[in-house]
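One structure is given here, and the rest of the page talks about it.
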Amino acid sequence: MRDERRMAIASSSRLSADEVTRRTFTTARKGFTPSEVRAFLDLVARELEAAGARERELRDALSDAQHRAANPVMDEATLTTALGQETAKVLRSAHDAAGAIMSKAETDAERIREEASGHVERLRAEAAGETERLRAEAAKDSEQLRSQAESAADEVRSQAESAAHELRTRTEQGAHELRTRAEEEATARLESAKADADTLLTQARAECRSMVQEAQDMRARILSDLTRRRRVLHSQIEQLRAGRDRLAETITGVRHTVDEVTDELFRAEDEARLAAEEAGRHAAAPDDIDESLGIEAVLPSPPGAEAGADVELEPAEEERRQQAVDELFARLRAQQETVEAATPEPGTGGQETPRQQAGQQEANGQEPGSREAAPPEPGTPATREKAREKKPRAKEHAAEGVTVLGPVPPPDAPGTSTLPGAGAGGAVAVAVAEGPETETETETATPATGADEKDEAPDPLLARRDELLGPAAAALARRLKRALADDQNDVLDRLRALGSFGPQVLVSEDEERSRYRQAADGQLLEAARAGAVFGGGSPDDAPSVDDLSAELATSIVAPLRRHLLEAPAPLEDDEAAMVEHVGSAYRDWKGQRVERVAHDHAHAAFSRAALAVTPEGRQLRWLVDDDGGKCPDCDDNALAGALPRGEAFPTGHVHPPAHPGCRCLLVPGQA
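Taking my numbering, I'd label the letters of the sequence shown as residues 9 to 679.
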């Protein structure tokens, strides 16, 4: 059947269509009509040309089929890498089968071409030898030739297509089988890997849970120990404060006593000196007895002496009185030295005062004025006049001579003295106000301070900012402290009413935020108005501060409530512990913490308002103020120079503050 369908097709015809068209014949008498022969030859030429075109199309289709069969989409190397050696063997066997089929198809096609070539040669020979016979049968032969050529072309095309389709089908089946096997194997390996990963993840989670539990237990133990220590420290602090208050009262009483005794001594000394001088003058004039008696009447009389009688003290009595006076002066000097040692004057930095230096020089056998000019002697009139001028001032300041501080300041704070023995192993800080005797020391230290201030003069823009913003920031801090005090009183009232500590002693979080927002709105708006004036606008140009007041309230309420609700242990049975827990939570906020938060938000409102009133296109630069602490980020912003209004600085901020405690400022800069 396959041999019957084969037709010999020449690869190249020896007789072309042009040769048939140009072929001429010799004319003979009683021959065929030349025009008819020429027309038939033209028809044969066209048929030959059409057959050649169809042969070329078949060749192209066959070549394309061979190329596709020889070059499938997925090559062997890729399949070998993806599917493995076993599947590669199957693929190579499929490729070998495809190659055998291709070679057989090429052999068949070559044979068909040879048969077609022989057939064409025979046709050409018959056409050349039987020209006269073809003249009669031209129409019939040409039609037969065309039909045969078309059928042969159709058979060749169908055979090529069937072979290509069969090869493509086999290849696709093999590839599909290989792909299926590879997918199944990959799925199995993936499931195994997932199972292993789930096992490892479960083990890791169990280990993490155990570690977290251990950390939580450790945290609970540490917090419990810290809470216990904190309560002990709070009790010690309260004891120290009580001791400090008592010591301050004692020092105040001692200062009052010393001032009164000193006044009496100076007055008695002056009166005694005047009486002695007057007696000396009257001794030079013995006739003036009445005046002498008047002078003697001024002097104190011994007990039992009559008025106007001559006073003659026995040597023993005079010696006893002199010893009593010496003892009184010794006690006064000891008390005065104790007070001065316990209260170093501010600005001295722990150095000796001039009086202490003089005493030290006397103890070392030196003259009091060896290093400096000697002060006037205590008995001179100049000293008495100066004492009379200073003592009323000392009495006026006696009430403020000792200032009891609230929180215990650090030991190196100026104007404080740490006195040991005022509590259970602690120290009591007492600040003593400067008295009249520190004027000389203050005047001496003033030139050095002025020199330092001259070297580091404050920027006028920062001074202007502080002048505008200072009252609003201070008022905001006071209002927040008052709100904290009211909030603490409300919590304590509810605590006493309920008798137990828990979330029920606190109001809702929104209500608590509203209290602090109301306390902050007015002063934040004042800060914004000050910023608008600083930026060159009017107070009415200040933007809204609702978001800032809400942020401020959240920054206070959230940590405060967290501190209150995180009680270290059940407090139902210990009222003192409950009150102490509430007090400690609010004490953390009533000091510098609330002032820092207030100043941060006041500066934010000020800077935002100054930026809002700045015209578009204006260049602004970051002016660093290290009063709140040095910050490299602020220095980076300052190094960026002048930037257009609204453009972010290197830290990403459009205006200060860049961090808590930042006191920088936006000022106009050159473009």
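From the three backbone atoms N, C-alpha and C, an ideal C-beta is built for every residue, glycine too.
Keep in mind it's a predicted model, so treat the numbers as computed, not measured.
Which residues in the same chain as MET110 place their Cβ atom closer than 8 Å to its Cβ, once the five residues preceding and following it in sequence are excluded?
Excluding sequence positions up to five before and after MET110, its CB lies within less than 8 Å of the CB of GLN74, ALA77, ALA78 and LEU175, all in the same chain and listed in chain order.
Quick one: grab the DSSP three-state call for ARG653.
DSSP places ARG653 in coil when its eight states are reduced to three.
Starting from PRO676 and walking both ways along the beta strand (DSSP E), at which residues does that stretch end?
Per DSSP, PRO676 is one residue of the beta strand (DSSP E) stretching across 673-676.
Quick one: any contact between the region 550-561 and the region 603-613, if contact means 3 or more CB pairs under 8 Å?
Three or more beta-carbon pairs drawn from the region 550-561 and the region 603-613 are found closer than 8 Å, and the two stretches are therefore classed as touching.
CB contact flag (LEU56, VAL164, <8 Å):
LEU56 places its beta carbon 8 Å or farther from that of VAL164.
Do GLU588 and ARG239 come within 8 Å of each other at the CB atom, strictly closer than that value?
Yes; because the gap between Cβ atoms is below 8 Å, this pair is in contact.
Less than 8 Å separating the beta-carbons of TYR594 and ILE564?
No.
Between PRO42 and VAL28, what straight-line distance do the alpha-carbon atoms span, to the nearest angstrom?
Distance between the alpha carbons of PRO42 and VAL28: 14 Å.
State the start and end residues of the unbroken alpha helix (DSSP H) segment that holds GLN74.
GLN74: member of the alpha helix (DSSP H) spanning 42-78, first to last residue.
Closest to GLU603 by C-alpha separation, out of GLU215, HIS242 and ALA528, would be which residue?
Sorting GLU215, HIS242 and ALA528 by C-alpha distance to the C-alpha of GLU603 places ALA528 at the top.
Check ARG31 in the structure and name its three-state DSSP category.
Note: ARG31 maps to coil in three-state DSSP.
Contact set for ALA620: own chain, Cβ-Cβ below 6 Å, skip 5 residues either direction:
Closer than 6 Å at the Cβ level, and outside the excluded window around ALA620, lie PRO551.
If we count Cβ pairs, one from each stretch, closer than 8 Å, do we get three or more for the region 656-670 versus the region 487-506?
Touching, no, given that fewer than three Cβ pairs across the two stretches are closer than 8 Å.
According to DSSP, simplified to helix, strand and coil, what is THR351?
With a pLDDT of 46 at THR351, under the threshold of 50, the predicted position of this residue should be treated as unreliable, though the coordinate-derived value follows. Reduced to three states, the DSSP call for THR351 is coil.
In this structure, does DSSP put ARG626 in helix, strand or coil?
Residue state, collapsed to three classes: coil.
State the DSSP-derived secondary structure class of LEU514, mapped to helix, strand or coil.
Coil, per DSSP.
Compare the Cα-Cα distances from ASP641 to each of CYS670, GLN244 and GLU114 and report the closest residue.
Nearest Cα to ASP641 within the set CYS670, GLN244 and GLU114: CYS670.
Span separating the alpha-carbon of LEU209 from that of ASP494:
If I take the Cα positions, the gap works out to 53 Å.
Quick check on this structure: which residue in PRO623, ALA540, THR195 and LEU573 has the alpha carbon closest to the alpha carbon of ALA617?
Selected option, being the one with the closest Cα: ALA540.
From GLU574, MET586 and SER522, pick the residue whose C-alpha is nearest to that of LEU560; which is it?
Comparing alpha-carbon positions, the option among GLU574, MET586 and SER522 lying closest to LEU560 turns out to be SER522.
Contact under 8 Å by Cβ, ALA480 with GLN531
Pairing ALA480 with GLN531 gives a Cβ-Cβ distance under 8 Å.
Option nearest ARG472 by Cα separation, candidates GLU624, ASP633 and ASP596
Cα-wise, what sits closest to ARG472 is ASP633.
Comparing C-alpha positions only, which one of GLY654, GLU158, GLN167 and ALA585 sits nearest to THR115?
For THR115, the nearest C-alpha among the options comes from GLN167.
Can you have a look at LEU99 and say buried or exposed, based on whether 16 or more other CB atoms are within 10 angstroms of its CB?
Its Cβ being crowded by 16 or more others within 10 Å, LEU99 is buried.
Taking the alpha helix (DSSP H) that ASP641 belongs to, which residues open and close that run?
Going by DSSP, ASP641 is part of the alpha helix (DSSP H) stretching over 640-647.
Over the uninterrupted alpha helix (DSSP H) stretch that includes PRO479, give me the two end residues.
Per DSSP, the continuous alpha helix (DSSP H) segment holding PRO479 begins and ends at 468-506.
Pull the bridge partners of LEU532 from the DSSP assignment, please.
DSSP, once it has assigned bridges, lists no residue as partnering LEU532.
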